[in-house]
Structure formats: C-alpha cells, structure tokens
Amino acid sequence: MARFAWLTILLPLLGALANGFLAARRPSAKRLVSLIGPGVLLAAFAVAIGAAIEVAGTEEAIRIQLWTWMPVTERLHIDLALQLDRLSVVLLLVVTGVGSLIHLFSIGYMRSDPGYARYFAYLNLFVAFMLILVLGASLPVSFIGWEGVGLCSYLLIGFWFEVDANSDAGKKAFLANRIGDFGVLVAMFLIWWTLGTLDYAGIDATAAATLPLGGTLATVIALLLFLGCTGKSAQIPLFVWLPDAMAGPTPVSALIHAATMVTAGVFLVVRTGVLFSLAPFAMEIVAITGALTAFFAATIGLRQYDIKKVLAYSTVSQLGYMFLAVGSGAWTAGIFHLVTHAFFKALLFLGAGSVIHAMHHAHHAVGAHDDAQDMRNMGGLRTAMPWTFRLMMIATLAIAGVPGLSGFFSKDEILASAFARGDHSTVYLVAWGLGVAAALMTAYYMARLMAMTFYGTFRGGGEVEGHLHEAPAVMTGPLVVLGGLSLVGGLLNLPAVVGGGQWLEHWLEPVLAPANLLLDPLHLPHGTTEYLLLGGAILIAVVGLTLGFRMTLGRPIPLPADTPAPRGLARLLEGKYFVDEFYQRVIVGPLVWFSKTVLWRGFDQFVIDRIAVAGSARLAQGLGWLGSRLQTGQVALYVSLFAVGAVLVLRALIGG
Amino acid sequence: MQAFLASIGYEHWILHVLLALPMAALPLVLLLPVRFARWIALTVALTEMILGLGLWWAFDASNPALQFVTDVPWLEQFGIGYRVGVDGLSVMMVLLSVVMMPLVVWGSWKGIDTKQRGFYALLLALKTGMLGVFLALDMFLFYMFWELLLIPMYFTIGIWGSSNRLYAATKFVIYTFVGSLLMLVAILWMVKIVGDATGTYSFAYTHLLANSQALAPYGSWLFVAFALAFAVKVPIFPFHTWLPDAHTEAPTAGSVDLAVILLKMGTYGFLRFAIPFFPAFALSDAVGLTMATLAVVGIIYAALVAMVQPDLKRLVAYSSVSHLGFVILGIWGSTVESVQGAIMVMISHGISTGALFFIIGMLYERRHTRKIADYGGLARVAPLMATAFVITAFSSIGLPGLNGFVGEFLVLIGSFGRYPILVVCATTAVVFSAAYLLWATQRVFFNRFTNPKNEGIGDLSGREIAVLAPLIAAMIWIGLYPGPILRRTEASARQYVEMVESYLPPAEPIIANRTGGQP
Amino acid sequence: MLLGPSLAVSAILFAIGVAGVLIRRNAIVVFMCVELMLNAVNLTFVALSEVHGMGGQIMVFFVMTVAAAEAAVGLAIILAIFRHTQSVDLKSLNLLKG
Amino acid sequence: MDVVQIVFWCFAGWAILSALLCVTRANPISSALWLVSTMFSLAGIFILLHAEFIAAIQVLVYAGAVMVLFLFVIMLLNLEETPRDWNRWMFWLAGAGLSILLAAQLVALRGYSPQRLANEFSSMPSPDPGLVFPEGAVARQAVEARGVVGALAEPLFQGYLIPFEITSILLLAAVIGAVVLSKKRL
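Chains as they are written, first to last, in the working numbering: chain A, 1053 to 1708; chain B, 155 to 673; chain C, 3 to 100; chain D, 48 to 233.
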C-alpha cells in the first residue's frame, strides 16, 4: 500500500482541478463540490492509513521514485521522490485526518458563500502541497510543498479579496514566508556544496562525517534552516503574519494556521535533525526563540478581544513550545505536542468558527452590523450552543494542561526535557522558566476566552439572542471527533512515570536515530524532581484556569463601543507590541522610499536617462551648432578659407 | 520519429527553410489585400512551428558539436560564407522562438488595426532576424541578422506603439546600435588578426574559434567591445534604461518578441562568442567578479525599482532585467549546473514574461491603460484572466513546481561555489520579486472593485485562452519535468564548461573531502 | 630665358588678384580681380610653353574661353542680383547663411 | 642684362602697377580700365615669350570683348563711386596677409629651372619625362617651322580637338545661361 502513497497527493490535486473547473464553469454546483472536496480527502486518509500500517512493519524508509526532476549532472541529480518513513507517516495521518474533518466542517461553514467551489479547490490544493512537503524525499521536493502551501495560504487568506485588509494579509503572509524561504534556499546551496547531496537519507549519512561538530558551517546551515522555519511557523522575527492571517475563513485558520502549515517548520527541523544536532549553538537559539515566542505571544493573547486573534496568538505560543522541545533535543516531544496541538487547536478554531457562524446568522437575521468575532458582543452562549460549549471546554482544559488530557502530557514532557537539558547550559533553564510562565498565561487567556464567550449573559442585544442556535450536525460532527482525539491524544506517548509505554518515542526511534546519536543523551528528571515538576504543572493549570474565570466574570465586560482606551502595559499588549508598525516604519517604509526616490527617480531616470543618454544627445547637437557658425554667408570668408587651403597645399608641395 | 525525419533528409533543409520562409512570405503580405495579411502571417508562423518542432527530435542531444552545419561560400573574396548550424546552446532558443511565433501573431489579432500589412511584414522580418542570430555560424552573417532585427523593431515600436513611442524607439535603436558598432569593429579586427596569423581571412566561427589563442594579446579590447554590445542587449545593469521604455511603448507583439527572444541574444552572445573567443581575459578574476557583481546589482536594483512602478508593463520590464541578471550570474558561475541554469532561465523567462505581456496586452486592448491605479478587483469580473495572471506571476516569482524556479535554483546553486556572497545577495531577489509581483497582482485583481469603467471588461475570449493555455501548460511541464530540455543542452554546456575550466582556478571546495560525500 | 622672371610676375599679379577678391565688396570689382588672376595664370602658361611646347599656349586658349563664358554668366547673375537688391555690395548677399 | 630683359621688366612693372591700381580704385570704371592696361602689358610680355598669336588673342578677345562687356555692365548699372567699400578690417588683414604669403611662395618658383622640373618629374613613375618636357626653346622652332598661327593651330586641331569641341559647348551653355538669367519674363 505504501507504494501508492503518491495517491494521497494525486487525489487532492485532482480534487483541486475538478473544483477549480467547477468554480470557473458552474460555481453553483455546490452539491458536487461538497462531494468531491471532502470525498477526495477521506480517500486520501484511507490510503494514508494503509500506508501507515505497512510502514509500521518496517524500520527503514520506503522511497517512491516518481520521475527525475532535475537531471543536471551526476552530482546534482534531483529526483521527484517521496520518502515514507515513521515520521512522515505521523504527519501524513495528522494532515489527512484533521484535513478531512475540517473539509466536512467547511461544507456547513461555507454553504452560503458564492466562492464555494473556488474555496474547496484552494483547500484541496493546499492539502496536496502539504503532503508533498511532508512526503518529499529531498529538500528541493519538500521545497515545492513548502512554497506551495505558502501560495495556498496566500490564496485562502485573501479569499474574500473584495476587502483590502484580507488581500493585504494574504500578501503579508506570503512575503513573510518568502523571507523564510530565502533562508531555506541558501541552506540548500550550502548543504549541496558541502555534503554534495540534498536527499534527507544522503544528509543523514554524510553530515556527521563531513561537517565538524559545532563547526561554524553546521551552525550557519542550521540557523538558515531555522530562519525558514520562523517564517513558516511564525516565530519571533517573522510571526507578524499569523494574527493577520485570521482574515481568511475560520476553517482555513483551523487547517492551515493551527494544524498543518505552521507545523511545517517543526517538521523540517526534526527531518534535518542531524544538521541541528551538529550545531549545539543553533539548538540553543532554536530553544530560546521558541521560549521567547511562547512567552510574548501568550502575553499579547491576554488582552485580545477578537476570538480568532486570541487563538492565533495561542497558536504562535504553542508553536514556540514545539520549537523549545526540538531546540532542547527532545524531537519526540516536539512531534507529540505537534499532534496533540493539531487536535485541540483545530477543535478550538472550529468551535470559534461555529460560534462566529451562529453570530453571523443572528446578526444577518436581525440586520445588526456589530463584529461577529468580537467576544465583547457574545456571552452566555453555553445555553444556546451546548455542544460547541462542551467540546471547546474539553479543548480548553487540554491546552491549559489539565492532567489526563493530551495537552498535559505533551506540554509537560517539553518542559521536562527543557529542564533536563538545563544542566548543559543555563539557556535552557531560562527557556524552561519562560515556558512555565507561558503555560500559566495560556490557562488564563483560554479561561478568559471561555468565560467571555460562554458564561455570563449575552451582551449582543435581546433579539439577536433569539436567533442564536447550535451549528448544524455537519459542523458539530467533526467537533465531536476532535474532542475525542483531544481527550485520548495523551495516550500516544504516555510518560513512563505514569506507567505509559512512550509509544511515539519508540515509533519514531529509527528515524531519529542519526540525530540522537550525536546528541549527548537527555537524562529526564526522575524521582522527586519529576514529581515536583508534575505537581507544579498541575498547580499552574488549575491556578491559571480559576484566575481566568474569576477575573473575567468578576468585572462587567464592556461592549466594544464603550471600552476605555487602554493605557500603559495594556496598550502595549493590545497593540501587539507595535511590531507591525515597527517593521513598517523601519524596514518596509524606507525600502519603498529608497527604491522610489533614490533608485528609480534618482539613478535610473536622472543619472542614466538625463545625464548619459540625453547628455550625449545634447553633445551631438552642440557639435552641430559649432559647425553651423562657419556658414556666415560672407563670400569673402569662404574665399579666405580657400586661400588658406591653397597656401597650405603650396607650402607642402614646394616646401618639400 | 528520428527515422522519419532522417528519411526526408530533415537536417539538410530545415535551417534554410526556417530562415527563408518568413522572408518569402514578406512580399506576399505586402502585396495582397489587407484582409489576408494576418492570415498569411499566421499560416507562415504555424508552418514554421510545425517544421521547427522537428528539431526537438532530430537534434542529437548526446553530441556537443555543432549540428546541421551548412557552409556555402557567399562573398568568397572576403571569406564570408553562409554558414549556419545549431548546437545545445542555441537549439532550445530556436525552438522557443519558433513556438512563440504563432502565439505572437495570434496574440495581436485584435490589438493591431491600423496598417496591418506593414505590421505583419515587419513581424515576419523580425522572425527571420531572430532565427538568423541563433543559427548563424559566420560572424558577418551573425552581425547582419543582429542589425536586421533593429529596423523592424524600431518601426513596430515607432508606429504601433503608444503615447511616447518615438522617444522609446529611437532610444532603443541608438542604444543597441552604438553597442553593436563596436562589435563590428571588433569582428573585423579579429578576422584580420586571425587572418594574419593563419593566412586565411575568414569570418567562419569555427575557424576563428580554432585559433583564438592568436587573439589573446588583444583579448581585453576585443572582449570589451563584444561585451558592450551584448551588455546593452541583455541588458546588464547600467545599460538597461532602454528596456522599460521600449517595453512600455511597444505593442503586445513587439514587447513579447522583445522579451522572449531579443533579450536572449545578448546572453547567447556571451555564451557563444564573447567568452569562448577570449577566455583568458573574460574569465580572469577581475572581469568575472565585475560581471557577476553587475549581474547581482542588476537583479536587486531592478527588483527594487520594479516594486515602485505605477505602470504594469514597465514593472514587467524591470522584472525582465532582474531575471536576466540571473542568466549572467549563471554564465560566470562557470559550472555545468549554473550554465544549464542560465539556459533554463532564458527559456522559462521567455515563457513567463511572454505570458505576462500577453495578459497585460489583453488588459490594454480592453481598457487602453497600463496604469495599475486604473484597475482594481478585476478577479470578480474576469476570474479566468485573474487565475492566468496569478499562475504566470507565481511562475515568474519562481515558485517551485513552475518553470521559474528550475532555472533560478540551478543558477544559484551552480554559482554558489564561485561567488557565495553574491549568490546570497541574489537570493534576496526571491523576496523582492514576490513583493512587486504580488503587490501588482493585488492592486489589479484582488482588491475593492471601485472603478466603474472596469465593469465592461469581459473575461478571456476563446482566442486569448488559446494563446495563454499552451504557455501555462509549458510553465507547469517545464516546472515539473525539465529533464528533456536539460538533456538537450547538457552536452554543449558540459563542453563549454570544460573549455572554461582550463582558464579558471578550481572553485575551492568549502570542505576538503566534499567530493567524497556522494553516498 | 625669361621663364624665371615671368613666373615671378605672374605670382605677384595672382597675389594682387587674390587680395582684390578678399578686400573689395563691389561684386564687379571682385569679378575683375578674378579676371586678373586668370591673366596671371595665362602668363605662367605662356612662359612655360615657350620652353616646353605649344601645350601651354593651347591651355591659354582654353582659359580664355572659360574666362569669357564665366564673365558672361557672372555678369548676368550680378545683373539679376542688382535688379533684385539694387546694390552689388557682396555684404548684403548672405541668404545662404548657416 | 640685354635689351630683352629691360623691355620685359618695363612691361612687368607696367603690369604690376596697373594691377595694383585696378584693385585699389574706388571707381569701377577706372579699375576696369586699369585692368585693360594690365592686359595690354601682358600682351607685350607674351610677344617677348614668342607667343605672338596669344598676344593678339589677348588684346582682341580678352581686352576687347570681355572688358568691353564689363564696362557695358558697369555702365548699365551706372554704379557711382563707392568710397570705403572695403570689407571689415578682419578680411582686409586676411587678404593682405594671404596674398603676401602666396606671392612669397610663388616667387620661390623662380628658382625652378626646366631641368629641375624635368628630373622631379622623372622621379615620379610617369611614362617618359622626355616626352612631357622636350628640351630647349621649342616654341620658337615651332613658330619658325609652321608660322605663328600654324604653330598653335596644328596641335590645337590634332591633339586637342576634343577639348576644343567641348569649349564650344561650354560657350553655348554660357550664352543660354546669360540669356535666361537676365530676361525678366521668359
């Protein structure tokens, strides 16, 4: 079955083409589109399961050679090949699984949207590119997927392109990704010129022998790859695009900006783990950036009023956790958190989607024009939308790290490994501290979100409340499944202390072997310190949640119109540390000014056109004018010139 | 297929027919009534394409030497002969121009309504000139075709251009002409030097190449002359200001031809003439570094300037300058990968910029304006055109999976060994190209539908789809399966690099046992 | 032998003719100076023909015919100009200015 | 200095003086008449140089016909004296300077003896210097052989017949030109 893994890519691709054709020719054929879109995904999921079963059987990776992509020379001979191994199968299952759930949800969510077929075409195309990225056997092939998902996120974020803000957000997302891609490209060149190969298998085999451990080369390659990951997975320098990406439809945010695309960065780091493990300094950078992102994103999340913005910053923060894990060498913890995060974050986003959907319908029915995504207009929805409430509550508990649920296990393992790595260098301890603080804040803002949306009384006006009702079955169905997965997700990698078999650890063992060989082993805290850490984590979760609920429900929540202007720290948080404005004023603004006035007007038009081109024209004219001065019309002048000529000729003839 | 072609003695007559057919049809177009002008041009272009495509199979990819060579004495006493031939470097360019011919004619079906006979006659002359430049193996013949191109291009821009066309046309001709005059002097001087050294004064490329070491003492001046002529044509950084004007003012057919073929003559010239004739000087460190730096400066400069262009065509023109900077970087990267990449960029740039110009032309035919500000939210009114533009824009940005990426990737990875810092700077252009093209796409297609005048523009007509479909298909095909093209250019590229390598210090491997790395 | 001296005389006459053409503004007088130059040339021809054969004298013969033709046409032009500008002053005839 | 030399220098002096006066006279009539006197003096010199026929032609055609034409035109335009009709000082200076220079060079020709001319010619790859420059006083022997007019007529109508015919066409053209130019309405 694994040999047909390329079907998982082909099916969504065909789906995208079919939907695209329908979008162009018969956009109203909604039934057919809703059949093709999710249908294709479910089929891909089935194939994925088949492939997973087969991969479970073998240790090595199965390489499926489709065709030679760039047969240039013996050394640069890139094949379009897929590599199916334990790691890519995990991602494959997550992408196709969560993907199909989100496709089902979208049927309900996007039903009334005229661009229905176009939406599904883009969504299918996205899944196809994501799978190319995950299954790619070499860096360039993954790079196709890497940029392809960037393209689809550009198209999907800017889906309602009529509104300028949306298309701006799309462009911003693509450019931020592109800056990251610059890093990956240069890393590829370095890898090829040093290791002579771009295949993952080749890198794993030759990296240790060729690149000196801790050498500048390995560090530079690793950091460049990490630059790519920050672009794609929205880490500190390049995270600005993710919050704006909420301009796209909510299922898109769920699929792309929670479950799949943003995790591509983590996947790439794990996939090229050998390079990172050869550069401990780069690992520290990854860890500390992850921790910092987790901390700062969490602080911003505290003061956001738009439900999707809160979830967006929560995603950035959770991604920070994953990079913290990978940075401290715990590859499995990173992947484990990636999987569990995919479950509960997708659930949160879809839940928010059904809330927004309901609010839209209510506003539409009443003709009100308040912002359907602003939590201040909501409140007390637990009675109107019981199922959404219950499932989102499960997800909130999971993400907060309440013991027993998936979030607790994955987050705790990350913090533990960061703490363990602490004895190598204090950087990890600082990172661990930031991680713990971020965990507290995560619990707080999730509680705040639940409180403002579901508890208290509905602040959006009486008649609107009447129209609020639960989302249709096709939307709540996927929620239920995701809820179950969030509950059960922890079993994937139960830590030993709780008697678990650390199943995911063993599952990924063969793939991560080359990387782990180079790292000095991570001796996780055991005995008393371990229990202390566990206890601490539980304490944080509980304190965060109670604080969140008590603080928000305690004070009356003002409507958007009469919220007092924030001051001091609140203004800083609400304004998202003014990072966007900073980039605009310091980088984008001057660059545009420079290229317009200095380069274009100044150099191109003035220096070259005026001086060089027009200058030479004027020179020719000048010479011409000089010549004309000689024609004075005086016969005498002509004769004298003639005479001078005669004298000279005679002089030459006779003088000689 | 080869057997069939061999059976009809394809390789003996194909090159002559390709050259002669447009010229033969020229008088026809001029004499017959106006109605037939377009149709004759189209039939000629289609036959050229059908015949020309035979080259794809008849060309033997494994042998790097010149093929289909014919050497007929012409002006015997001066040693000038009608010498024509093709090899790995030029076969793809010939195929590209042959394939683009019918598209160009069909593309300007509606755009040109005045003086059609003159336009199509000039177009045919342009075709012969283009093919001639790539096929000529005799310096005199090469120069003749090189100049032959200027006149039709001048009239195409001058007569059918838009507002400020005369300035643009004159600037274009003078720029190119000044450059190529130097080349003429260099050619003559070269023939004399080689003639003195060997006794036979001949313009044959093979003859001059064979004893090019005689040229070594004068190598610097001769190379500078050749380089200037080609630099203007490429265009390399300081000599590029004619391109935006020429492109903005030219009619669609004119700017497509300009972008697809004429720009490649410069780079082809470097690969075929400038470097092989004077390798010692051309590949010395100083020259190599200056050319590569100029190329990279050109890439970044043009990308930045393109970002702030108010006019669509001017934006695409600057993007061409940026893309061709890659080709020059690839040529001086002097590894098989970078040279192959350079040729690939030449082809894929032709296709993607050609398609961009077609779409802009279609927009111009509808709204008669090229200002980005006049458009807005066209995706609602013309979804098909929006999709085509997005695909072409992304292929021009270099999205992997489309044709732009293959060439750029090979150039960058190939030249990284020789000029690591420059390649890193060139890679930043990846970001800028995304910036300016996306910004333009957004302002034209994906924002508020404000301007009522845009209401009337219909979506792509059947004809327009027929023009764009093959181009988009080619983009996806080359993007995913460039193998056959790379194979056809590999033999000659390898031969070129072997010749070049003997003059270059070995590109110092970054890690001592780098070559051992192959698993 | 009178060759040397006659050549000298013709040189002086020619020089005077040239000076006349340059200095005078009256078209007719300029014309006469041209005739004077032609006579100087005739003198040279005759002087040399005495030594080297009749070729010189035949040339003088031709020079005279040319001079006559030139005088005729020149004077006709001066007449036409005079009718037009009521003056033969060369200074005023500068229509062909650059 | 034998008698011939003295007579020659008288004629020469006369010619130069009248030439100078011809150039400098303000009144065109007087300058025309001084030109006639120059022509007469030249005719004298021609006789000394054994070119009697040419001297006669000079007096008859040149002085007689051409100068009369000049006088006729001057009279027709009744030009009165034009004092100070000299060009601006710049041209005056140029004229004087150039003519002195020209004179100095041409006088230098005096040193040219036939012998020097011959061997200069011979150094050039011409067919046969002897043919071009036969030795000695050829003019006088020809006159003795064939008489004054015959000496000139024989080469004119044998060797130079074609140029002779051409001059007739030239004169015809001149006549037509003069007629066209001077008639107001054709």
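Glycine residues also receive a C-beta, built at the ideal position from the N, C-alpha and C atoms.
Everything numeric in this text was worked out from a predicted model, so none of it was measured.
Query                                                                                                                        : Result
Cutoff 8 Å: V462/B Cβ touching any chain A Cβ                                                                                : yes
Closest residue to D1216/A among G616/B, T282/B, F599/B, E644/B (Cα-Cα distance)                                             : F599/B
Residue from G1202/A, L1066/A, V1318/A, F1460/A whose Cα sits closest to the Cα of G1304/A                                   : Contrary to the premise, residue 1304/A reads as Val rather than Gly in this sequence. Of G1202/A, L1066/A, V1318/A, F1460/A, the residue nearest in Cα terms is G1202/A.
CB contact check: V108/D to chain C, cutoff 8 Å                                                                              : yes
Where L148/D meets chain A, residues with beta-carbon distance less than 8 Å                                                 : V1699
C-beta contact flag for E58/C and L38/C at 8 Å                                                                               : Before going further, note that residue 58/C is Gly rather than Glu in the sequence given. No, the pair does not count as a contact, with Cβ atoms beyond the cut-off.
Residue nearest to V1099/A in terms of C-alpha spacing, selected from T1060/A, G1512/A, S1080/A                              : T1060/A
Stretch-stretch touch, CB-based, cutoff 8 Å, three pairs: the stretch 1667-1676 of chain A with the stretch 76-92 of chain C : no
Exposure of V1687/A, with buried meaning 16 or more beta-carbon neighbours within 10 Å                                       : buried
Inter-stretch contact at 8 Å, needing at least 3 Cβ pairs: the stretch 1646-1657 of chain A / the stretch 449-468 of chain B : yes
Of the listed residues L1605/A, G1232/A, F1157/A, nearest to T1505/A (C-alpha basis)                                         : L1605/A
Cβ-based neighbour list, E182/D, same chain, cut-off 6 Å, excluding 5 preceding and 5 following                              : A caution first: E182/D carries a pLDDT of 48, below 50, which makes its placement in the model too unreliable to give a value.
Endpoints, the beta strand (DSSP E) within which Y236/B is located                                                           : 234-240
Coil, strand or helix - M1430/A by DSSP                                                                                      : coil
Under 9 Å from the C-beta of L97/C: neighbouring residues of chain A                                                         : G1685
DSSP state of F586/B mapped onto helix, strand, coil                                                                         : helix
Interface flag, A1704/A vs chain D, CB-CB below 8 Å                                                                          : no
Coil, strand or helix - S409/B by DSSP                                                                                       : helix
Per-residue burial, R1662/A [other beta carbons within 10 Å of its own, 16 or more giving buried]                            : exposed
C-alpha distance - L1168/A paired with A1081/A, whole-angstrom precision                                                     : Looking at the sequence itself, residue 1168/A is Tyr, so the reference to Leu does not match. The straight-line gap from Cα to Cα measures roughly 9 Å.
Interface partners of L24/C on chain A, CB under 8 Å                                                                         : A1688, V1691, S1692, A1695
Minimum Cβ-Cβ distance from L92/C to chain A less than 8 Å                                                                   : yes
I130/C, DSSP secondary structure in three states                                                                             : Missing from the structure shown is residue 130/C; chain C here goes from 3 to 100 and no further.
Nearest neighbour of W314/B, chosen from S476/B, L425/B, N601/B, H401/B [CA to CA]                                           : H401/B
The beta strand (DSSP E) enclosing F222/B, as first and last residue numbers                                                 : 221-229
Host alpha helix (DSSP H) of A1615/A (start-end)                                                                             : Per the sequence shown, the amino acid found at residue 1615/A is Thr instead of Ala. No alpha helix (DSSP H) holds T1615/A; DSSP gives it neither H nor E.
Those runs of the alpha helix (DSSP H) which lie wholly inside the stretch 529-564 of chain B and span at least 4 residues   : 532-535, 537-551
Exposed unless 16 or more other CB atoms sit within 10 angstroms - verdict on F1056/A                                        : exposed
Chain A contact for D73/D (CB, 8 Å cutoff)                                                                                   : In the sequence under discussion, the amino acid at residue 73/D is Ala, which differs from the Asp named in the question. For A73/D, the answer is no, since every Cβ of chain A falls outside 8 Å of its Cβ.
Under 7 Å (Cβ pairs) to chain B, residues found in the stretch 1653-1664 of chain A                                          : D1656, I1660, D1661
Chain C residues whose Cβ lies nearer than 9 Å to that of G91/D                                                              : Correct list: empty, because the minimum Cβ distance to chain C is about 11 Å.
DSSP three-state assignment for Q1135/A, whether helix, strand or coil                                                       : strand
Cβ contact check for the stretch 1441-1457 of chain A and the stretch 1585-1593 of chain A: 3 or more pairs under 8 Å        : yes
Cα-Cα separation, A1472/A to F1461/A                                                                                         : 16 Å
According to DSSP, residues forming a beta bridge with P1123/A                                                               : H1129/A
Contact residues within the stretch 591-602 of chain B, judged by C-beta distance below 8 Å to chain A                       : L592, W593, Q596, F599, F600, N601, R602
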